[in-house]
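Residue numbers (the working numbering): 17 to 642. C-beta atoms are modelled at their ideal positions from N, C-alpha and C, and glycine is treated no differently. Computed from a predicted model, the values in this text were never measured in an experiment.
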């Protein structure tokens with residue numbers, strides 16, 4: 017075997033008699049036991065991969081780290097595409113309990129996924145799609161479906177090469193669809209977990225097949241600092257890296273998570289026992305905001321280490337990097353120099369688990385930075401709240417958010433909060449379920465429909481102002497009636513929503529029940545404005561009260577928090593924080609403007625469009641026939 021140039025002067029591929037491994041085994045069934053064909057249109061070596069593993073413990077922030085590192089490379093002018101590999105057997109995250117797994121993040125194409133995908137969208141300012149999220153359930157389903165139609169030509173289907181091959185195919189399909197220079201792969205869970213073992217094996221195979229310097233392995237580990245000892249201890253980190261080495265993965269870069277900066281002595285020790293040069297063992301310690309992490313990584317040299325290992329120096333655009341850093345630096349400066357502060361209440365039933373409202377918290381932070389203020393959050397459990405206790409619960413708040421949910425628990429408490437906000441002119445934003453509860457509250461207390469309710473809560477109520485529409489009732493199966501993903505919204509001229517979005521906007525949805533069209537005229541007659549609706553049906557998407565009646569009372573059936581970005585606060589959250597500032601500071605005179613906030617969103621570039629998704633499906637079907 018000898019090395020020959022294949023893809024340029026800086027890239028080498030092991031060649032045998034002038035042919036790659038795939039050339040040798042492609043047409044010989046007795047030699048293809050461990051090598052499956054490459055997806056149609058895939059170019060070996062064109063795309064590089066950064067694979068991030070977690071060791072020692074979960075909860076280290078792999079998603080935050082991966083997205084921040086991806087942003088560093090994106091700022092240098094490289095195109096990047098993230099993907100999360102989850103170990104659970106669910107097909108998607110749609111049925112996961114927020115108490116156990118945090119919020120369900122919804123992509124524009126309707127994919128229900130892990131909250132880490134929201135972290136990637138916000139950091140990279142990209143709209144992701146289904147190819148960016150993989151579960152074990154998806155992998156096994158594709159393998160078994162292919163087996164059922166004879167796609168493996170009678171062979172016994174095994175973990176290697178078929179399951180691991182499917183993992184590699186998903187990454188390569190993403191590479192084809194996105195045309196990314198670098199695909200960032202986050203392996204869910206911790207090294208040593210049974211459910212991600214085959215993912216790790218697939219990554220080992222990927223590095224072997226793609227060739228030298230095509231894959232960069234990054235191990236995120238944890239350096240303990242027991243308070244009783246007063247010093248950092250590296251043994252757990254060493255053992256975690258050893259587990260990775262036992263899997264055949266030699267990390268190229270090690271990131272040491274810790275409360276405080278990891279000392280040079282500790283990093284040297286970890287380097288010695290992991291076969292990684294000390295200059296590629298970095299500290300990643302706690303900081304005030306996740307948005308400071310990209311600069312922390314740059315300062316430590318993570319981005320340079322990745323670029324050098326993958327030999328991508330010729331693709332770095334220094335001017336683009338300077339411009340991006342200047343823009344990001346201004347955002348961080350505004351983040352640190354807030355002149356005002358407001359307190360917003362989040363009224364819900366998952367308040368014990370902050371991750372259940374992760375995107376709402378980020379959207380509030382973005383809006384706060386936009387107006388130069390610090391947003392504090394007060395958590396209000398609505399499970400036992402009523403008209404008599406609500407005033408004490410919301411006392412001292414400058415605004416409230418009534419977020420999404422399902423089921424009956426906490427519903428009446430949310431209605432009580434909305435009634436108080438409407439009558440006391442407390443700035444209020446109702447989201448999804450909160451939008452529905454706002455309709456119920458208005459119907460009961462303004463329109464005189466005392467028994468108004470949602471059929472999700474009471475199927476026998478006299479006034480089902482929130483109901484399943486007729487076409488939905490015909491659909492069977494959990495999730496079948498869900499309205500998911502991005503939908504166009506037409507906005508009524510002259511309304512507050514029109515000031516926010518213009519004539520149309522695109523929002524993301526995750527719900528079943530709608531405003532029953534039979535009651536819309538009566539609600540409107542009493543002053544409730546439906547300012548946004550679906551262009552294809554009588555489906556109400558945005559409501560508001562006239563500003564002469566209330567300074568800021570807005571609701572939406574959508575989830576605006578999912579499309580809020582650091583440099584482009586969502587207008588609905590920007591409006592809420594502005595109204596909260598007006599309430600907290602009577603001398604606050606900054607005009608309410610929304611210019612520039614949604615310009616990119618309404619004309620945005622889709623990450624992986626429908627055409628690319630269809631192309632990827634065709635590739636998969638062709639492989640089944642092979």
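Report the option in the options whose CA atom is closest to the CA atom of residue i.
i: residue 142; options: 167, 189, 87; result: 87
i: residue 60; options: 543, 211, 185; result: 185
i: residue 331; options: 611, 95, 449; result: 95
i: residue 381; options: 504, 350, 544; result: 350
i: residue 188; options: 417, 167, 225, 353; result: 225
i: residue 502; options: 516, 482, 511, 525; result: 525
i: residue 666; options: 178, 470, 202, 253; result: The first residue shown for the chain is 17 and the last is 642, placing residue 666 beyond what the model contains.
i: residue 471; options: 500, 458, 529, 515; result: 529
i: residue 320; options: 603, 586, 85; result: 85
i: residue 599; options: 206, 510, 441, 607; result: 441
i: residue 78; options: 417, 100, 62, 58; result: 100
i: residue 229; options: 190, 436, 269; result: 269
i: residue 208; options: 281, 220, 313, 69; result: 69
i: residue 128; options: 109, 563, 140; result: 109
i: residue 204; options: 196, 197, 213, 198; result: 213
i: residue 121; options: 149, 339, 323, 97; result: 149
Between which two residues does the beta strand (DSSP E) holding residue i run?
i: residue 546; result: 545-549
i: residue 299; result: 297-301
i: residue 523; result: 520-527
i: residue 556; result: 556-560
i: residue 101; result: 96-102
i: residue 483; result: 479-483
i: residue 361; result: 356-364
i: residue 237; result: 231-238
Tell me which residue opens and which closes the alpha helix (DSSP H) that residue i is part of.
i: residue 88; result: 78-91
i: residue 406; result: 406-409
i: residue 596; result: 587-600
i: residue 335; result: 334-352
i: residue 135; result: 132-140
Within its chain, find whatever has a CB closer than 6 Å to the CB of residue i; leave out the 5 residues flanking it on each side and keep chain order.
i: residue 217; result: 180
i: residue 494; result: Confidence at residue 494 is low in this model, with a pLDDT of 45, below 50, so the placement of that residue should be treated as unreliable; the coordinate-derived value is given next. Excluding residues within five positions, none has a Cβ falling inside 6 Å.
i: residue 152; result: 103, 105
i: residue 415; result: 360, 443, 592, 596
i: residue 249; result: 240
i: residue 523; result: 505, 574
i: residue 561; result: 569
i: residue 211; result: 103
i: residue 117; result: none
So, under 8 Å CB-CB, residue i and residue j are touching, yes? Tell me the CB distance rounded to an integer number of Å.
i: residue 91; j: residue 337; result: 5 Å
i: residue 507; j: residue 547; result: 6 Å
i: residue 419; j: residue 138; result: About 18 Å separates the two Cβ atoms, so there is no contact after all.
i: residue 559; j: residue 454; result: 6 Å
i: residue 461; j: residue 429; result: So it is not a contact: roughly 15 Å between Cβ atoms.
i: residue 328; j: residue 64; result: 7 Å
i: residue 3; j: residue 157; result: Coverage of the chain is limited to positions 17 through 642, which leaves residue 3 absent and any answer about it impossible.
i: residue 130; j: residue 145; result: Their Cβ separation, rounded to whole angstroms, is 14 Å, which puts residue 130 and residue 145 out of contact at 8 Å.
i: residue 201; j: residue 155; result: So it is not a contact: roughly 14 Å between Cβ atoms.
With the cut-off set at 8 Å, would you say residue i and residue j are in Cβ contact?
i: residue 406; j: residue 433; result: yes
i: residue 498; j: residue 531; result: no
i: residue 263; j: residue 299; result: no
i: residue 133; j: residue 123; result: yes
i: residue 233; j: residue 67; result: yes
i: residue 343; j: residue 80; result: no
i: residue 447; j: residue 576; result: yes
i: residue 436; j: residue 479; result: no
i: residue 451; j: residue 544; result: no
i: residue 517; j: residue 587; result: yes
i: residue 520; j: residue 610; result: no
i: residue 295; j: residue 275; result: no
i: residue 257; j: residue 290; result: yes
i: residue 379; j: residue 580; result: yes
i: residue 362; j: residue 323; result: no
With a threshold of 7 Å on Cβ separation, who are the neighbours of residue i within its own chain once the five nearest residues in sequence on each side are excluded?
i: residue 463; result: 538, 539, 542
i: residue 554; result: 533
i: residue 390; result: 354, 357, 384
i: residue 325; result: 229, 232, 268
i: residue 474; result: none
Is residue i near the ligand FAD, judged by its Cβ being under 7 Å from some heavy atom?
i: residue 135; result: Ligands in the displayed structure: none, and consequently the ligand FAD is not present.
In chain order, what residues of the same chain have a beta carbon less than 8 Å from the beta carbon of residue i, not counting five sequence neighbours either side?
i: residue 399; result: 365, 425, 426, 429
i: residue 318; result: 85, 88, 269, 271, 298
i: residue 482; result: 452, 455, 456, 469, 470, 471, 472, 529, 530, 531, 532
i: residue 113; result: none
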